[in-house]
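Beneath this line is the structure, given in structure tokens, with notes to follow.
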Amino acid sequence: MAQPAPATSAAQSSESRAHFQWEDPFLLDDLLTEDERMIRDSARQFCGDYLAGRVQKDFREETSDREVMAKMGEMGLLGPTIDGYGCAGVSYVAYGLIAYEIEYIDSAYRSSASVQSSLVMHPIHAYGTEEQRQKFLPKLAT
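Here it is, written out as structure tokens:
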């Protein structure tokens with residue numbers, strides 16, 4: 224038969240526990256590089272300042288404005304893992320952070336960015352000829 228745990232005071236047990244961070248429960252921020260944090264913070268600011276207002280307008284008007292994708296391109300959020308051709312050349316971790324920040328505001332625009340980056344731009348970069356890369360990737364990145 225199991226014996227009960229020794230009694231401790233409430234103050235003692237709460238002092239010995241680690242502080243839980245609700246904003247970052249897995250302490251992910253500690254695992255990111257400085258560049259990844261900077262990219263995440265830039266994407267977060269863009270999404271909060273620009274995208275959030277557009278999403279409400281687009282939802283009310285039942286539209287999807289190409290200008291949003293152009294602004295994402297200006298920020299380097301499209302095709303971000305591709306190096307060169309007007310793309311940022313960041314890590315896949317950074318790409319995931321970018322996608323997370325867009326998704327936090329709107330799933331449809333995150334889907335659009337993911338499709339353009341992963342299903343359109345990546346295959347052109349990975350399997351296209353140099354001529355095709357030069358022709359399509361810079362335009363798709365912006």
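Per the numbering used here, numbering of the sequence shown is gapless, rising by one per residue and ending at 365.
A virtual CB, placed ideally from N, CA and C, is assigned to each residue, including glycine.
Note that the structure is a prediction, hence the values are computed from the model and not measured.
* In terms of alpha-carbon separation, which member of 276, 339, 323 lies closest to residue 363? -> 339
* Asked: In terms of residues, what are the limits of the alpha helix (DSSP H) holding residue 393?
  -> Because the chain spans 224 through 365 in this model, residue 393 falls outside it and cannot be assessed.
* Asked: What alpha helix (DSSP H) runs, 4 residues minimum, are completely inside the region 277-311?
  -> 289-297
* To do: Go through its chain and collect everything with a Cβ distance to residue 312's Cβ below 6 Å, but skip five positions before and after it.
  => 306
* Sorted by chain position, which residues of the same chain lie with C-beta nearer than 7 Å to residue 327's C-beta, five sequence neighbours on each side aside? -> 270
* Nearest-angstrom Cα distance between residue 360 and residue 249? -> 36 Å
* Asked: Between the C-alpha atoms of residue 357 and residue 308, what's the straight-line distance to the nearest angstrom?
  -> 7 Å
* Asked: From residue 260 to residue 320, what distance separates their C-alpha atoms?
  -> 9 Å
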